[in-house]
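Worksheet: the structure to be examined is printed underneath.
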Amino acid sequence: MRTKVLLSGAVVAGAILVGIPGVAHASGSAEEQECLLEQVHVAEEIAAGDTHAEIKTCEEAPNPILPAVDEMVWGTLAFLVVFFGIAKFGYPAIKKGMDDRTARIAGDLDAADKAKVDAETVRNEYERRLADAKNEASRIIEEARQAADGVRRDLIARAEAEAEELRRRNAEAVAGERGRVMAEMQGQVASLAIELAEKVVEASLDREANLQLIENYINSVGQQRA
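Start counting the sequence shown at 3; every next residue gets the next number (the working numbering).
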């Protein structure tokens, strides 16, 4: 509408500009002036008519914010079709996907909890076995120590017994050897005494009686020394 008004104004202005030079060069005839005025009035009427038509058109134009009734009807129907289609087919699929995802997440959480429990169980079992191994090692070490002490005591007792037996045998051997030596010495002394006595008295004595006397004397002397 503004474009048409501007065009009409431009036409009127052009007519005035065209008419003014003609009036200036003419002899000022009234006919030419009347013709010019008629043209101006015609242009103004045309412009006024166009302006009125544009105003009426603007008044009859639909509201740009609110759509037409038929558009609202078809839009509502299309919306309802799309809504029911989504509600019929899309929503169950979406709900199923969300339920599956929820179930998968719950399963993952359960698996994580189970893995945590299993790891805790394995750790407790490992600690229990480690404690059992330590106790078993301590028991074995204690048994080995006790066994070593027993072996040491047995060896000491055996060595002491063997030493005692050796001392006893040595004592017996010494006593036997002493007896043997004493017997030999008694015999030799008796023989020597008889020979000396025979030489002293230059006479033959009763050998058996002299031996008995000498042995008795030697025994008495040995008992006194002991």
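By construction, the Cβ of each residue, glycine as well, lies at the ideal position given by its N, Cα and C atoms.
Distance from the CA of A159 to the CA of M187, rounded to the nearest whole angstrom, comes to 41 Å.
Per the coordinates, the alpha-carbon of E129 lies some 54 Å from the alpha-carbon of E166.
Excluding sequence positions up to five before and after A114, its CB lies less than 6 Å from no other CB in the same chain.
Rounded to whole angstroms, the separation of the alpha carbons of L111 and A146 is 52 Å. For G87, the enclosing alpha helix (DSSP H) begins and ends at V71 to G87. Rounded to whole angstroms, the gap between the alpha carbons of T104 and V84 is 27 Å. Per the coordinates, the alpha-carbon of A108 lies some 40 Å from the alpha-carbon of A135.
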